[in-house]
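Following: one structure in C-alpha cells, then a few remarks.
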Amino acid sequence: MSIELLSIPHTITLQRYSVNETATKSKWAPLISLNFQRKPSRIGNFSPRLSLSFENGGFKQFPNGVGEKDGVIIVDHGSHRRESNLMLNEFVTMFREKTGYPIVQPVHMELAEPSIKDAPGLCVRQGASRVIFSPFFLFPGRHWYQDIPSLTADAAKDHPGVSFIITAPLVLHELLVDVVNDRIEHCLSHVAGDADECAACAGTSKC
10 MSIELLSIPH TITLQRYSVN ETATKSKWAP LISLNFQRKP SRIGNFSPRL SLSFENGGFK
70 QFPNGVGEKD GVIIVDHGSH RRESNLMLNE FVTMFREKTG YPIVQPVHME LAEPSIKDAP
130 GLCVRQGASR VIFSPFFLFP GRHWYQDIPS LTADAAKDHP GVSFIITAPL VLHELLVDVV
190 NDRIEHCLSH VAGDADECAA CAGTSKC
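With the working numbering applied, the sequence shown corresponds to residues 10 to 216, in that order.
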C-alpha cells in the first residue's frame, strides 16, 4: 500500500506549520517513514510542489497522467441538504464525460454517503489499482491536510496493494477567475430579468 500527498506550492504555509509538522498533524497510521521529494509543476503558475509517497519500505514513482487502472475520487465536504450532494454527482458526470476517465466516483467527507471509507472499494471493483483523491475544496484547510488523509489512510487498510494519492485542492488556479466572473454575470443577468435561475439557486427563492 502507498499513500502520496500532492501539496500546494511550498511557498504557502498551513497555519504556520512547516511541511514536516503538517505531515505529523495528518496522523497517517500506515506510514512508517516520511520523506519529501520535489516534483516539477505541471499546472499553470504553480511553483514546484512537494509530494509525499511511501510503499512497502521505499519510494515509488508513479507514471504521469490518469490511466485505465486509476480510479479518480472527487471528494467534497458533504451536506445535510440532499440537493447539494446531488450536485456533486452532476459535476462528476460532467468531469467523466469531458476527461474520458473510465473510473470516476463522487464521495463525501462527512454527513452523506458514499463516504471516503467506501471510495476505494467502489474503484477497486471496477479494476482500479491506484486511487486518486481530488478534493473539491477551494483552499487548503484542516480537511485537506488532516481529515481527508486520516480517513484515506483508514480506508486504505482494507486494500493492500492499492496505491493512494491525494491531490491539491483548487486554490489559486487562473480558470477559477473565469468561473467566479461567470457566476457574477449570470446572477446580474437574472436580477435584470434576462436569465433564469442557475442550478444552485433554482427553487430556493434566494435570488
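Positions of the beta carbon are idealized from the N, C-alpha and C atoms, including for glycine. A quick note: this is a predicted structure, and the numbers were derived from the prediction, not measured.
Under DSSP, Pro149 takes part in no beta bridge, so it has no partner.
The beta-bridge partner set that DSSP reports for Ser198 is empty.
DSSP, read as helix, strand or coil, puts Arg192 in helix. In this model, Ser138 and Pro111 are separated by some 13 Å (Cα to Cα).
Val113 counts as buried, since no fewer than 16 other beta carbons sit within 10 angstroms of its beta carbon. The residues Val116 and His117, in chain order, have a CB closer than 7 Å to that of Ser124 in the same chain once the five nearest residues on each side in sequence are set aside. When the five nearest sequence neighbours on each side are left out, the beta carbons in the same chain lying within less than 8 Å of the beta carbon of Thr176 are those of Leu15, Ile141, Phe142, Ser143 and Pro144, in order along the chain. In the three-state reduction of the DSSP assignment, Val81 falls in the strand class, which pools E and B. Within the segment 100-159, complete beta strand (DSSP E) segments of at least 3 residues are found at 113-117 and 139-144, given in chain order.
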